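Residue numbers (my numbering): 3 to 162.
Heads up: the structure comes next, in structure tokens.
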Amino acid sequence: GTVLHLLGATLMVTLFDWGLALVAMGVVVGLAALVFDAPWEGVALTFLLFGAFPVAISALLQRACTAWLPRNLFMFIVGQGFISPAIAVSAAAYLALGTHVALNGGSALTVPAGYAFSVFLLASGEAWFTGMATALIAVYRLAWVTTYDVRRYRLGGPRT
Numbered sequence: 003g004t005v006l007h008l009l010g011a012t013l014m015v016t017l018f019d020w021g022l023a024l025v026a027m028g029v030v031v032g033l034a035a036l037v038f039d040a041p042w043e044g045v046a047l048t049f050l051l052f053g054a055f056p057v058a059i060s061a062l063l064q065r066a067c068t069a070w071l072p073r074n075l076f077m078f079i080v081g082q083g084f085i086s087p088a089i090a091v092s093a094a095a096y097l098a099l100g101t102h103v104a105l106n107g108g109s110a111l112t113v114p115a116g117y118a119f120s121v122f123l124l125a126s127g128e129a130w131f132t133g134m135a136t137a138l139i140a141v142y143r144l145a146w147v148t149t150y151d152v153r154r155y156r157l158g159g160p161r162t
């Protein structure tokens, strides 16, 4: 059946940018497959649904936040810490649901009754966790955040 979990992909993109975030998510999916004794036939699909897709969505949303939101630390934390993960988790969950339905011959009978509410709860939790982690890291260890550009946010530099 369809499985939901906290991704952490948006936090990885915020901290390491999209290239290293893909590597990190690959490691996470591989370790999860080992720990949970998952069949190796589904690891690639799991990586695409819960690794590569959320990283891509997060990277695109963070580029949009950089381009369109005001240039200050608060908007960086709100956009990349709270909004991006909620959208990325929701998109990944519904892509996983669509894939699950497609692999079951288009039958929507396999969809759990409270799936939409579960996605809402999961996206809220992911947004809260990632937003708080982004805020703490951005305030106390700003050098760890590779996507934060001091010239843009602190000095009010030009948008590029």
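Ideal Cβ placement from N, Cα and C applies to all residues, glycine included.
Just so you know, these numbers come straight off a predicted model, no measurement behind them.
Assigned with DSSP and collapsed to three states, Val147 falls in coil, not helix or strand. In the pairwise beta carbon analysis, the segment 58-67 is classified as not touching the segment 109-121: fewer than three pairs are separated by under 8 Å. Assignment of Phe38 by DSSP, reduced to helix, strand and coil, places it in the coil class. Boundaries of the alpha helix (DSSP H) harbouring Ser92: Ser86 to Leu105, taken from the DSSP string.
In the structure shown, the three-state DSSP call for Pro114 is coil.
Note that the C-beta distance between Pro56 and Leu9 is below 8 Å. With fewer than 16 other CB atoms across the displayed protein chains lying within 10 angstroms of its CB, Pro41 is exposed.
By alpha-carbon distance to Leu50, the top candidate from Val80, Phe38 and Leu24 is Leu24.
Burial state of Met134 is exposed, judged by a 10 Å Cβ sphere holding fewer than 16 other Cβ atoms. In this model, Ala129 and Ile139 are separated by some 15 Å (Cα to Cα).
The C-beta of Tyr155 has 16 or more other C-beta atoms within 10 Å across all chains shown, which makes the residue buried.
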